[in-house]
Amino acid sequence: MSHEDNLIERLSAAGTRDRAFRDLVITYQERLYWHIRKFVFDHEDANDILQNTLIKAYRGLDGFKGDAKLYTWLYRIASNESITFVNKAKRISSGSLDAADQLEADTFFDGDMAQITLQKALARLPEKQRLVFNMKYYEDLSYQEISDILETSVGGLKASFHHAVKKIEAYFKNVQV
Amino acid sequence: MKEDQNHDRLPDFLREMRNDNPFVTPHNYFKELPDQIMSRIQSDKSGRQVSKWAQLLMAIDRIFIPKLAWALATVIIVTGLFYLNLPRPVATESFNQEFSATDIAQYVQTNIDDFDESDFYDHDLEAFDLLGESINNEDIDPIFHDLLDDIDLETLQRIL
Chain A
1 MSHEDNLIER LSAAGTRDRA FRDLVITYQE RLYWHIRKFV FDHEDANDIL
51 QNTLIKAYRG LDGFKGDAKL YTWLYRIASN ESITFVNKAK RISSGSLDAA
101 DQLEADTFFD GDMAQITLQK ALARLPEKQR LVFNMKYYED LSYQEISDIL
151 ETSVGGLKAS FHHAVKKIEA YFKNVQV
Chain B
1 MKEDQNHDRL PDFLREMRND NPFVTPHNYF KELPDQIMSR IQSDKSGRQV
51 SKWAQLLMAI DRIFIPKLAW ALATVIIVTG LFYLNLPRPV ATESFNQEFS
101 ATDIAQYVQT NIDDFDESDF YDHDLEAFDL LGESINNEDI DPIFHDLLDD
151 IDLETLQRIL
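Just so you know, the protein sequences line up as chains A and B, in that order.
Heads up: the first sequence begins at 1 in the working numbering, then just goes up one per residue.
Heads up: the second sequence begins at 1 in the working numbering, then just goes up one per residue.
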C-alpha cells in the first residue's frame, strides 16, 4: 500500500482521522505553500490562504471520494482559494500588482532586480494563466497533472503557458528599454 | 522528454532564473504550521458544535416562540372575554344578604359625621313620594309630637 493510499484509509476512519490529517499537513504543506506563495507573493497572505485551504480540506474529507489523487484535490482547493483571494483583493486595491510592487520592501523576499522584474511581469498575467505558468515553470508539473487540477484541457494549458512566456518576455524587453 | 522541450523553448533568462527561489519564510514556519492547523481544526470543531446548538436554539426561537406568543395571547384574550361575560351578582343583593337593617342603622348612627347631608336628601327623595299617598298620618304624628315636645311656651303663643 502506498503512502497516499495509507493516508486516505486513515483519513476515512473517524478514530485515526486527526492523526492522519496531521501527517497530510506535514507531507503537503511545503508544496502547497510555495504554490500559493508564488501566486500571491506575500507571506502573510500565503499563510492565510494555506490555512484556509487545509481547514477546507479537513471539512471536505467526507466528500473526497479517492477518485482523484490527494495532492490533485489539495492543489485544486489551494488554487481556488488563491484565485478567490486575489479577486477579493482586487476589489479594494490593485491586488497582485500591489503585492508585486512591494516586494523590494518585503523582509521575506530575497531576490535581485531580475527576480523583482519577473514577479512584476507575473503579476500582470491573468490569474489562470499565471497559475498555469507557475505550475509548469516552478513546480514542473506535467500538463496532464495541471489539467487534472484546473479541470482544463491539455491543449488549452499549452496555449496558456505559451502566451504567458510571450508576455513575460515582452515585459522584460519593455523594462530594459 | 516532451515535457522538457517546453523548458528548452524558454527564453534564456527564464531558464537561468528557474531554479532560484527569491521568497523566504519566517524561521520554523513549516515546523510550527501543523500544530497551528490542528489547533484551528479543534477550535473549528468546537465552534461548529456550539453553532449547532445555536442553530437549534435559533430554530426553536424562529418556529416555536412566535407560535407560543400567539397561543399565549389567544389564551389571555379568550380568558378575558369569558371573564367579562360572566353573569355578575348585583351589588345590592349581596349587600342586603350580608347586613340587616339594624346593622345599617347602627353603622349610620355611629358614623353620622362622615356622611354628607346631600346623601340623605337624594335618598329621601328617591325613597319617599312626598306628594303621593304613601305618606299618611301615622308617619307624620311622631314627627309632630317631637316638635311639640321641643317647642317652648313662648314660641307656641307667638305661632298661635
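All C-beta atoms in this analysis are idealised placements derived from N, C-alpha and C, irrespective of residue type, glycine included.
Exposed or buried, what is Tyr137/A when buried is set at 16 or more other beta-carbons lying within 10 Å of its beta-carbon? In the first sequence, the residue the question calls residue 137/A occupies position 137. So Tyr137/A counts as buried.
Under 9 angstroms between beta-carbons, which chain B residues line up against His163/A? List them in chain order, please. Within the first sequence, residue 163/A is the residue found at index 163, counting from 1. What His163/A touches in chain B, judged by beta-carbon distance under 9 angstroms, is nothing: the nearest beta carbon there is about 13 angstroms away.
Could you check whether the Cβ of Met1/B sits closer than 8 angstroms to any Cβ belonging to chain A? The residue given as residue 1/B occupies position 1 in the second sequence. Bear in mind that a pLDDT of 44 at Met1/B, under 50, signals an unreliable position, so the number given afterwards is only what the model happens to contain. The beta-carbon of Met1/B is placed no less than 8 angstroms from the nearest beta-carbon of chain A.
Rounding to the nearest angstrom, what Cα-Cα distance links Asn96/B and Leu81/B in this structure? For the purposes of this step, residue 96/B is taken as the residue at position 96 of the second sequence. For the purposes of this step, residue 81/B is taken as the residue at position 81 of the second sequence. Answer to the nearest angstrom: the Cα atoms are 29 angstroms apart.
In three-state DSSP terms, what is Phe109/A? Along the first sequence, read from residue 1 onward, the residue named residue 109/A stands at position 109. It is a strand residue.
Could you check whether the stretch 36-55 of chain A touches the stretch 30-42 of chain B, counting it as contact only if at least three pairs of C-beta atoms, one from each stretch, sit closer than 8 angstroms? Enough Cβ pairs lie closer than 8 angstroms, so yes.
Just curious, the alpha helix (DSSP H) that Gln102/A is in, first and last residue? Start at 1 with the first residue of the first sequence, and residue 102/A comes out as number 102. Where Gln102/A is concerned, there is no enclosing alpha helix (DSSP H), given that its DSSP letter is neither H nor E.
Three-state secondary structure (DSSP) at Phe21/A? For the purposes of this step, residue 21/A is identified with residue 21 of the first sequence, where counting begins at 1. The answer is helix: DSSP assigns Phe21/A an H, G or I state.
Can you tell me which of the three DSSP states Phe99/B falls into? Position 99 of the second sequence, counted from the start, is the residue given in the question as residue 99/B. In the structure shown, Phe99/B sits in coil (DSSP, three-state: anything other than H, G, I, E or B).
Pull out every residue of the stretch 3-36 of chain A whose Cβ sits closer than 8 angstroms to any Cβ of chain B, in chain order. Of all residues in the stretch 3-36 of chain A, Asp18, Phe21, Arg22, Val25, Ile26, Gln29, Glu30, Tyr33, Trp34 have a Cβ within less than 8 angstroms of some Cβ in chain B.
Compare the beta carbon distance of Lys167/A and Leu125/A with 8 angstroms and say whether it is the shorter of the two. Translated into positions along the first sequence, residue 167/A becomes position 167. Translated into positions along the first sequence, residue 125/A becomes position 125. It is a contact, given that the beta carbons lie within the stated cut-off.
Beta carbon of Ile116/A, beta carbon of Leu131/A: below 8 angstroms? One-based indexing of the first sequence puts residue 116/A at position 116. One-based indexing of the first sequence puts residue 131/A at position 131. Cβ distance not < 8 angstroms, so Ile116/A and Leu131/A don't count as in contact.
Per DSSP, Phe30/B is paired with what? For the purposes of this step, residue 30/B is identified with residue 30 of the second sequence, where counting begins at 1. None, per the DSSP bridge assignment.
Under 8 angstroms between C-beta atoms, does Leu81/B make it to chain A? Along the second sequence, read from residue 1 onward, the residue named residue 81/B stands at position 81. Against chain A, the CB of Leu81/B has no partner CB under 8 angstroms away; the residue lies outside that interface.
Chain A within 8 angstroms of Asp12/B, Cβ atoms only: Numbered from its first residue, the second sequence carries residue 12/B at position 12. Chain A contact via Cβ: absent.
Got a sec? Which residues, its chain only, sit under 8 angstroms from Leu11/A by beta carbon, not counting five neighbours each side? One-based indexing of the first sequence puts residue 11/A at position 11. Closer than 8 angstroms at Cβ, skipping near neighbours: Arg17, Ala20, Phe21, Leu24, Leu61, Phe64.
Residue of Lys88/A, Tyr28/A, Ala105/A minimising C-alpha distance to Phe162/B: There is simply no residue 162/B to check, as chain B begins at 1 and stops at 160 in what is shown.
Can you pull out the residues from the stretch 33-60 of chain A whose beta carbon lies closer than 9 angstroms to at least one beta carbon of chain B? Sequence-ordered contacts of the stretch 33-60 of chain A with chain B read Tyr33, Trp34, Arg37, Lys38, Phe41, His43, Ala46, Asn47, Leu50, Gln51, Leu54, Ile55, Tyr58, Arg59 [C-beta pairs closer than 9 angstroms].
Per-residue contacts from Gln115/A into chain B (C-beta, under 8 angstroms): The residue given as residue 115/A occupies position 115 in the first sequence. Neighbours of Gln115/A on chain B, chain order: Met17, Asp20, Pro22.
Just checking my contact of Gln129/A with Ala164/A at CB under 8 angstroms: how many whole Å lie between their CB atoms? Position 129 of the first sequence, counted from the start, is the residue given in the question as residue 129/A. Position 164 of the first sequence, counted from the start, is the residue given in the question as residue 164/A. That pair is a contact at about 5 angstroms.
Secondary structure at Phe41/A, three-state DSSP: helix, strand or coil? Reading the first sequence from its first residue, position 41 is the one you call residue 41/A. Phe41/A falls in the coil class under three-state DSSP.
Answer with yes or no whether the minimum CB distance from Asp44/B to chain A is below 8 angstroms. Along the second sequence, one-based indexing puts residue 44/B at 44. Yes, Asp44/B counts as interfacial toward chain A.
Short Cβ contact (8 angstroms threshold) for His35/A with Glu139/A: As a working note, residue 35/A is residue 35 in the first sequence. As a working note, residue 139/A is residue 139 in the first sequence. For His35/A and Glu139/A, yes; Cβs fall inside 8 angstroms.
Can you confirm whether Phe85/A, when its beta carbon is compared against all beta carbons of chain B, has any partner nearer than 8 angstroms? By one-based count along the first sequence, residue 85/A stands at place 85. No, Phe85/A lies away from the interface with chain B (no Cβ there is under 8 angstroms from its Cβ).
Contact list for the stretch 116-141 of chain A against chain B, Cβ threshold 7 angstroms: Residues of the stretch 116-141 of chain A that bring their beta carbon within less than 7 angstroms of a beta carbon in chain B comprise Leu118, Lys136, Tyr137, in sequence order.
Put Phe64/A into one of helix, strand or coil per three-state DSSP. Along the first sequence, read from residue 1 onward, the residue named residue 64/A stands at position 64. Coil.
Span of the alpha helix (DSSP H), counted from its first residue to its last, around Leu74/A: Reading the first sequence from its first residue, position 74 is the one you call residue 74/A. First-last of the alpha helix (DSSP H) with Leu74/A: 70-92.
Chain-ordered chain A contacts of Ile37/B [CB-CB under 7 angstroms]: Taking the first residue of the second sequence as 1, we reach residue 37/B at position 37. Those are Val25, Gln51, Leu54, listed as they occur along chain A.
Would Glu4/A and Leu70/A be called neighbours here (beta carbons separated by less than 8 angstroms)? Numbered from 1 along the first sequence, position 4 holds the residue referred to as residue 4/A. Numbered from 1 along the first sequence, position 70 holds the residue referred to as residue 70/A. Less than 8 angstroms separates the beta-carbon of Glu4/A from that of Leu70/A.
Anything in chain A within Cβ reach of Ile63/B, meaning under 9 angstroms, just list it in chain order. Sequence index remark: in the second sequence, residue 63/B carries index 63 (1-based). Below the 9 angstroms Cβ cutoff, chain A contributes no neighbours of Ile63/B, its closest Cβ being approximately 27 angstroms away.
Which same chain residues end up closer than 8 angstroms to Asn134/A when comparing Cβ atoms and leaving out the 5 residues on each side of it in sequence? Residue numbering aside, residue 134/A sits at position 134 when the first sequence is read from its first letter. Excluding sequence neighbours, Asn134/A sits near His35, Lys38, Phe39, Leu122.
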